[in-house]
Structure formats: structure tokens, C-alpha cells
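*Asks:* Next up is a structure, given as C-alpha cells.
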Amino acid sequence: MNAVQLLFAAYALFFVVMGWQVADRAVWYAEVTPLLLVYFALLATQKWFRFSLLSYAAVFLPLAWHTVGAHYTFALVPFSGVMDLLGLERNPYDRIGHFMVGFFVLPISEFVIRRQLAGKALAVMFAVFAIGTVAAVYEIIEWIYAVADGGESGISFLGAQGDIWDAQKDMLADLLGALCAAGSALKGDHADLK
Numbered sequence: 003m004n005a006v007q008l009l010f011a012a013y014a015l016f017f018v019v020m021g022w023q024v025a026d027r028a029v030w031y032a033e034v035t036p037l038l039l040v041y042f043a044l045l046a047t048q049k050w051f052r053f054s055l056l057s058y059a060a061v062f063l064p065l066a067w068h069t070v071g072a073h074y075t076f077a078l079v080p081f082s083g084v085m086d087l088l089g090l091e092r093n094p095y096d097r098i099g100h101f102m103v104g105f106f107v108l109p110i111s112e113f114v115i116r117r118q119l120a121g122k123a124l125a126v127m128f129a130v131f132a133i134g135t136v137a138a139v140y141e142i143i144e145w146i147y148a149v150a151d152g153g154e155s156g157i158s159f160l161g162a163q164g165d166i167w168d169a170q171k172d173m174l175a176d177l178l179g180a181l182c183a184a185g186s187a188l189k190g191d192h193a194d195l196k
């Protein structure tokens, strides 16, 4: 079993374990649906396009983080030690997860570069814009789900924790993560991003 196969297997096992005794099953389904789409899309496309280990890691780290958030609901993830350390009243677990979504810049850039669709700088810029677009669409989906549900599950899925600017801050966190990953992609010596 190579490192990439190990990542797929480890995440599958982690996903199953974190699917037991979740805080809110409706929220869990809503949260894990996009994770499963990403997981199975990567699994299905491995035969015709294999990303680098770095790109797979850049995907599986946020997937695992998000899986934990889905298990507890993001506002209830036991993160009080970090909150106390930083003097925060709001649980930052979801913001950190949004920042990690920006790491998807690496596999998106790698795909564009290796398929020779654009040069490195344009590929990275495209990836940052793609992350920003997906972040905005996801926030709209959260809002629609919360309105349609109208109950506690909708509020938990929205995860605003009383912050009226939650959606905007989440999108900013996605973009900041994307810009950090873009900096790594542009300045780093990643073999698959040349």
C-alpha cells in the first residue's frame, strides 16, 4: 500500500468512526455530503489523474478537520482549550476549517498545470478564484438549508454562533487559506507545480 492509498484508507476508517453517535444526524448528513463527493471524485479519477502526495494531503487534512466538525457540529467541537488560550468566546474551529479549505489551491493548480491548461501563475490565480467562488456558493447553500430547515439543525448547520458577519468571515478565511497556499505554490519547489 503506497502513501496515497494509505490516505484514502485512513480517511475512510476515520469517517466511519466519526459517523457514530453524532451530535445531530441531520447536520451530519448535510456536512458530510460535500466531503463524500470530494472523496469519491478523487477515488474515481485516480486511474486517469493521480495528484501528488502533497495535493492529496492538502485535500485530506481539511476533509478530516471537517469530518470532526460534522460529528460534533462545528460550534460544539471541544475546542475550549484553544478558546481559553486565545481569550475567545466563539469557537474558532469552523474558521480554521475554512482556512484549510484554501489548501485546495494546491491540487487545483496541479491539475491545471499538469494538463497544460495554463502556466503556473495563471493556474494558481485560477485556483484562488475557484476557492473564492466555491466559498461563496457554499455560504449560500448553508443559508438556504438553514431557512428551509427552520429549526435547530438549520441553525447548527449555519454555525454562525451569533455572529452576523459569519458568512463573510468564513469566505475571508477560505480566501486567506487560499492565498497562503498560493504563496506556497508560487514560491515553493513543488515538483508537480512547475
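Residues 3 to 196 (our numbering) are what the sequence shown spells out, left to right. Cβ atoms here follow ideal geometry from the backbone N, Cα and C, with glycine treated the same way.
For the alpha helix (DSSP H) holding D172, just list the boundary residues, first then last.
*Replies:* 168 to 189
*Asks:* Hey, is the stretch 68 to 79 in contact with the stretch 96 to 104, meaning 3+ C-beta pairs nearer than 8 Å?
*Replies:* Between the stretch 68 to 79 and the stretch 96 to 104, the count of C-beta pairs closer than 8 Å reaches three or more; the two stretches touch.
*Asks:* Could you name the residues of the same chain whose beta carbon sits closer than 7 Å to that of L87, not counting the 5 residues immediately before and after it, in chain order?
*Replies:* Closer than 7 Å at the Cβ level, and outside the excluded window around L87, lies no residue.
*Asks:* What is the residue span of the alpha helix (DSSP H) that G71 lies within?
*Replies:* 55 to 74
*Asks:* Would you report the Cα separation of F157 and G121, rounded to the nearest angstrom?
*Replies:* Residue identity differs from the one stated: residue 157 is Ile in this sequence, not Phe. Whole-angstrom Cα-Cα distance: 42 Å.
*Asks:* Got a sec? Which residues, its chain only, sit under 7 Å from F17 by beta carbon, not counting five neighbours each side?
*Replies:* Close CB contacts of F17 within its chain, under the 7 Å cut and outside five residues either way in sequence, are with T69 (chain order).
*Asks:* Measuring alpha carbon to alpha carbon, tell me which of A59, A43, Y74 ends up nearest V24.
*Replies:* Y74
*Asks:* Alpha helix (DSSP H) containing E33: first to last residue?
*Replies:* That run of the alpha helix (DSSP H) goes 27 to 47.
*Asks:* So, under 8 Å CB-CB, E33 and A72 are touching, yes? Tell me the CB distance rounded to an integer number of Å.
*Replies:* 4 Å
*Asks:* Using DSSP with H/G/I as helix, E/B as strand and the rest coil, what is Q23?
*Replies:* coil
*Asks:* Could you please give the first and the last residue of the uninterrupted alpha helix (DSSP H) stretch that includes M85?
*Replies:* 82 to 88
*Asks:* Are there 16 or more other CB atoms within 10 angstroms of the CB of E91, so buried, or fewer, so exposed?
*Replies:* exposed
*Asks:* Would you say A125 faces chain C, with C-beta separation under 8 Å as the test?
*Replies:* The question asks about chain C, but that chain is absent: this structure has only one protein chain.
*Asks:* From what residue to what residue does the alpha helix (DSSP H) around R116 run?
*Replies:* The continuous alpha helix (DSSP H) containing R116 extends over residues 107 to 116.
*Asks:* Would you mind stating whether V107 and V136 have Cβ atoms separated by less than 8 Å?
*Replies:* Taking 8 Å as the Cβ cut-off, V107 and V136 do not qualify as a contacting pair.
*Asks:* Is DSSP giving L119 helix, strand or coil here?
*Replies:* coil
*Asks:* Kindly indicate which three-state DSSP category F101 falls into: helix, strand or coil?
*Replies:* helix
*Asks:* Does R97 pass the burial test, meaning 16 or more other C-beta atoms within 10 Å, or should it be called exposed?
*Replies:* buried
*Asks:* Do you know offhand how far W50's Cα is from I143's?
*Replies:* 31 Å
*Asks:* With a threshold of 6 Å on Cβ separation, who are the neighbours of V84 within its own chain once the five nearest residues in sequence on each side are excluded?
*Replies:* none
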